[in-house]
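Beneath this line is the structure, given in C-alpha cells, with notes to follow.
Protein chains: 2
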Amino acid sequence: MKKSIGIGLTGLGVVGRQVVSTLLEKADLLSEQVGCPLVLRQLKLIEPDIAQARKMGIDPKLITTDDDQFLANPEIDIVVETIGGEEPALSYLERALAGGRHVVTANKEVIAKHGVRLLALAEQHGVGLHFEASVGGGIPLIAPFQDDLIANQIKGIYAIINGTTNYILTRMAKGGVDFAPALSKAQELGYAEANPVNDIEGIDASYKLAILASLAFRSQVQPQDVYREGISRLDSRDFQYAHELGFAIKLLAIAKQSDESIEVRVHPVFIPQDALLAKVEGVYNAVLVEGDLVGQVLFFGEGAGALPTSSAVIADIVSAARDVGLGVSSRARWSLEPGKRVKPMSELETRYYLRLNVTDQAGVLAQISKILGDNSISISSVIQKWADSATQTAEIVIMTHPAKEAAMQKALTQLEHLAVIKEISNFVRVEV
Amino acid sequence: MKKSIGIGLTGLGVVGRQVVSTLLEKADLLSEQVGCPLVLRQLKLIEPDIAQARKMGIDPKLITTDDDQFLANPEIDIVVETIGGEEPALSYLERALAGGRHVVTANKEVIAKHGVRLLALAEQHGVGLHFEASVGGGIPLIAPFQDDLIANQIKGIYAIINGTTNYILTRMAKGGVDFAPALSKAQELGYAEANPVNDIEGIDASYKLAILASLAFRSQVQPQDVYREGISRLDSRDFQYAHELGFAIKLLAIAKQSDESIEVRVHPVFIPQDALLAKVEGVYNAVLVEGDLVGQVLFFGEGAGALPTSSAVIADIVSAARDVGLGVSSRARWSLEPGKRVKPMSELETRYYLRLNVTDQAGVLAQISKILGDNSISISSVIQKWADSATQTAEIVIMTHPAKEAAMQKALTQLEHLAVIKEISNFVRVEV
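Chains D and V, in that order, are what the protein sequence lines are.
First residue of the first sequence: 26, per this note's numbering; consecutive thereafter.
First residue of the second sequence: 26, per this note's numbering; consecutive thereafter.
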C-alpha cells in the first residue's frame, strides 16, 4: 500500500477551485475512504489562474507553468483536468494517460469527441480515465452505465441534460413569456452565458448525449451523429397550446437502440404533463434510462455548478486513488460492440404538433388535410385558435397520429407553398 | 488473470431463478465486462427449489444439498445468496465470508440487522460483501453512498422504499377508496402478501432505511432504532383534505443527520403536491438524497420484482468478479464514524395535520385552541369540514405551525380527555 497518493491539477476555474478546497477541507474523510492521504502535489496553471491560486493561499511552490515538468512529475499519480474546451485539454489528457497517469476530467467536449480513443489509450497504459463530472454535475450518470446497470441491454435514454434551456423553458411555461425575455432572465441570473449558442442550440446537450449513448450502447457515437434542434423557435403560444392539450415542452436528448440501429437526437418535444420528466423544472437535470431488466430508472439533480460538479470530480479521484492504492488499472471495462448504423431522422416515426398561421377563409382546413392525407399523415385533432379580423388570418393547431418524419417534411414543404398558409409557425415532435 | 470465475448460488425463488437465467443468457456480455467467463459452478438448494431447478433444465450435477461441501467448494469464488430472511441466510453469509468467498446478497433483513458486522468480517478476510439488491430493486442506491456521493456529507434521505404501501396510498389518493379495499386490490395484483404486516406497518421500509442510513452516515443504525408507524390508520378523508390543502400523503422513510445526532423514522407524511416525491406513484420507489456538495439528487425506479432485482444482483456479481479477476478485495471501504445518538421522536419539530371528530356546538374550537396554545402549538389553519345533524358531530381539520412532537403528544392526550371531542381521527406529520 502506498503511503500517499499524489494529485496534479490543471485548470483553476470555478470547478477546479472547488475541487482544491474540497480536497483540503475533507482530507480526513477522503484519506479514510482511500486508505491513505490524497496529496495535492502540483498545479499546472496559466494566468489568470495563477493569480487566483495566490488569492486562495495555495503554496506557490506547488504551482508550475511548465507542461513537460508537470506531466513528467513522478509524484503525481492522478492528473485532474478542469480546463474545459477541446485544446489544450485533449493534449494534456493524451500525454497524461500515455505517461501512465490515471486521469479525472470534467470535460464533456473532449470526452464526447475523443472518449473512445482516450479510453483505449488508458487501457493500453493500464490506467483509468474517469469522467463522471462530464455529464449532469454530481448526478451519477456515467457509473450507472459502467457498473450498476451493466447487466442491462439499454433500450432508451430520455434526458434533460442542459439546465440553461430547462430554466428558459420552465420560465416560458410558467410565466407565459417569450423566448427572448426568458433568455435575458437566465443571463441575468448567470444560468446562461453572454453568447448562449452552445446551450440554446442543443450543442452542449449533444455532447452529453454522445457520451451517454456511447457508454450505454457500447458504440462510438460522435456529437455530429446527433440530430440537433434548439429551443429558440418556441413561442409562448406553443406553451399555451401544449398546456391545453395536456403536454409539457422540454428539450430532450433522446437515444434509442434497436437490434439494427441507434437513434440519437436533441430537440424540443411535447411530453405528457404527468410524465416525471415534465416535472423537472428550472436548472435541474434528469435522465430516464430504460433497460431490459431494470425497467425505467430516473436520475435527477443539479446538472451544473461548482459544488455538484466537484462532488463528481472528487468521487472520481477517490475511485482512481483506490485503484492506485490497489495497484490495478481501472476496473471499468470498455469494449465497442459491432457498430450499428445511426438511423437518419427521415426514418423517425412519431406524432407531431403543428401550428399554422392561415388566411381566415372557408376551405383552408380541407386544403391542409388533403396535403397531410396525401402524405399518409392522419390528423388526431385540430383546433382553430383565433381569427384576427384586421389581418384576416387565423391560427390552426394540429396534432397528428404517428407519421414518418420524411412524410412530415414533405408535407411541410407542400404546405409552405399553399397560398392560404401565411406561415408554418412551428412544428414539434411528440414523445410518449 | 483467471481463466474463469466460479459462481455458487443458494436460493432459487423468483430472484434466484432470474439471476440464473440472466447469467446464462447474457454470458457473452458479462464475460466481456469481467474479462473472463462467469461460470455457475454449484447450486445449494432444498426442496421445493430442487424441483424448480429440474424444471429449469439445470444440470443435476450442479445441485447439492450439502452446506459444508458447497461452502468449501474451491471452484466457487463468489457466493450469491437469494434465500431471504434471517436464517439460514446469515449463517451462510458468515461462513462464506470467513471462507474467503466474495458474497453477493439481496437480503435486506440480514444486512439491516448484521451488515456492519458482516462488512467487518469481509474486510478481515480480504473479500467483498455486495448488497445493492437489498434496497430498491435495480435502482442504484448502495453504490451512490459507497462511491458516487463519497465526497458528500449526507444531510438527509427522504425515501419511498416500499412499493406495496405506495401502491395502496396511490389508490387511496386517486380512487378515493379506503385502506381496506386498496389493500385487497394490492393483494389481488400480487403487490401485497396475504399477511401484509411487514409492508403496511413499515417494517420492510425500516430495514431498508437502516441500511441506507448506516451507509450514508457511516453509523451503525439498527432497524429497532427506526421510529415506525404504518399506513393502516389513514382514511380516504385524509387524502381528500390533504388534496384540498395542497399536499400528498406518502409513507416516507426519513433519515437526517446533524452534527450531534441522527434521526431515522418511517411514517406517513404530508408532502407538498408539487414535490417530486409526490409524483411517485404506484409500486415505484424513489429516494431523494441531500448532500453538502451535490445538493439534492433523486433516484427513481421499480423497487422490486425479479427482473429489476436481478439487474442489481448481476451488477454486484460483475463487480465482485472484477475484484476476483484483479486479485483484490472489495474496493468499497467501510468505516464507522464516532457514533451519534439517535434523536428520540419527542425532540422532532414539524408541522402537524390533525383531524378531529367533535360535538357540533359553539365554543368547541376555543377549547381545542386553548389546549394547543397551552402547549405552545400555534394553528396555521382550521377548517370545519362538515356537520352531521343526526349525530350532532362535526369534523375539524387543523394544520399547525412547526411544533415539538413532545408538545403535540401531550396536547393529543389532553384533547382526548376533552368532552367535546368524540375522536382524534388522525394526526399526520408534515415534511417540507
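Glycine included, each C-beta is placed from N, C-alpha and C at the ideal position.
Under 9 Å between the Cβ atoms of residue i and residue j?
i      : j      : result
V/Q67  : V/L115 : no
D/P73  : D/D92  : no
D/M433 : D/N400 : yes
V/A168 : D/D172 : yes
V/L381 : V/I423 : yes
V/Y378 : V/V453 : yes
V/A176 : D/V343 : yes
V/V44  : V/S335 : yes
D/L146 : D/E157 : no
D/L332 : V/L318 : yes
V/F324 : V/A311 : yes
V/V445 : V/G398 : no
V/A278 : V/E372 : no
Would you please verify whether the beta carbon of residue i is less than 9 Å from any beta carbon of chain V?
i      : result
D/R258 : no
D/Q58  : yes
D/V305 : yes
D/E288 : no
D/D102 : no
D/L37  : no
D/A52  : no
D/I296 : no
D/N177 : yes
D/A198 : no
Tell me which residues share the same chain as residue i and place their Cβ nearer than 8 Å to its Cβ, disregarding the 5 neighbours each side in the sequence.
i      : result
D/L443 : Q392, I393 and I396
V/R126 : G33, L96, I101, D102, I103, V104 and V152
D/Q321 : L313, V314 and E315
D/K275 : I185, N191, L194, P293, V294, I296, L302, A303 and V305
V/Q212 : E218, A219 and P221
D/L24  : Nothing in the structure corresponds to residue 24 of chain D, since chain D is present only between 26 and 457.
Is residue i close to chain D, meaning its C-beta is less than 9 Å from at least one C-beta of that chain?
i      : result
V/A337 : yes
V/R347 : yes
V/L318 : yes
V/A340 : yes
V/D284 : no
V/L323 : yes
V/G255 : no
V/L240 : no
V/T130 : no
V/G109 : no
V/R142 : no
Under 9 Å, Cβ to Cβ, is there at least one residue of chain B near residue i?
i      : result
V/D172 : Any reference to chain B falls outside this structure, whose protein chains are D and V.
Looking only at C-alpha atoms, which of the options sits nearest to residue i?
i      : options                           : result
D/A207 : D/L259, D/L143, D/V160 and D/F452 : D/L259
D/A357 : D/G162, D/N310 and D/H155         : D/H155
V/G162 : V/G110, V/I449 and V/Y309         : V/Y309
D/S286 : D/R42, D/A431 and D/G364          : D/G364
D/E106 : D/Y117, D/A145 and D/A52          : D/Y117
D/Y232 : D/A311, D/L122 and D/V289         : D/V289
D/V349 : D/R42, D/G60, D/F170 and D/G41    : D/G60
V/A230 : V/R253, V/V246, V/L214 and V/Y216 : V/R253
D/G41  : D/G307, D/I108, D/Q265 and D/K180 : D/I108
V/S403 : V/Q409, V/Q94 and V/A436          : V/A436
V/A205 : V/I449, V/S257, V/L270 and V/K410 : V/S257
Please go through the same chain and pick out, in chain order, the residues whose beta-carbon is closer than 6 Å to the beta-carbon of residue i, but skip the five residues on each side of it.
i      : result
V/K429 : E374
D/G255 : I225, E226 and G227
V/R376 : T425, P427 and V455
V/F242 : Q282 and I287
D/V407 : I423
V/A137 : Y232, A235, I236 and P248
Might you give, ordered along the chain, the residues of its own chain that have their beta carbon closer than 7 Å to the beta carbon of residue i, omitting 5 neighbours on each side?
i      : result
D/Q149 : none
D/V135 : E111, A114, L115 and L118
V/S261 : M197, G201, V202 and D203
V/L439 : Note on residue identity: the sequence assigns Gln, not Leu, to residue 439 of chain V. Counting only Cβ-Cβ distances below 7 Å, and skipping sequence neighbours, we find I396.
Practice item. Take every Cβ of the segment 271 to 289 of chain V, pair it with every Cβ of the segment 226 to 239 of chain V, and state whether three or more of those distances are shorter than 8 Å. Key: The segment 271 to 289 of chain V is in contact with the segment 226 to 239 of chain V.
Review point. Is the segment 315 to 333 of chain D touching the segment 174 to 189 of chain D in the sense that three or more CB pairs, one from each, lie closer than 8 Å?
Key: With a cut-off of 8 Å, the segment 315 to 333 of chain D and the segment 174 to 189 of chain D count as touching, because enough Cβ pairs lie within range.
Practice item. Could you tell me whether the segment 221 to 228 of chain V touches the segment 408 to 416 of chain V, using the rule of 3 or more Cβ pairs below 8 Å? Key: Flag = no, the segment 221 to 228 of chain V and the segment 408 to 416 of chain V do not touch.
Review point. On the three-pair Cβ rule with 8 Å, is the segment 351 to 370 of chain V touching the segment 194 to 202 of chain V?
Key: As far as the Cβ criterion goes, the segment 351 to 370 of chain V does not touch the segment 194 to 202 of chain V, which means the pair count is below three.
Practice item. Please confirm if the segment 130 to 144 of chain D is in contact with the segment 69 to 83 of chain D, defined as three or more CB-CB distances below 8 Å between the two stretches. Key: These segments do not touch.
Review point. Using 8 Å as the Cβ pair cut-off and three pairs as the minimum, do the segment 29 to 48 of chain V and the segment 56 to 66 of chain V touch?
Key: With a cut-off of 8 Å, the segment 56 to 66 of chain V and the segment 29 to 48 of chain V count as touching, because enough Cβ pairs lie within range.
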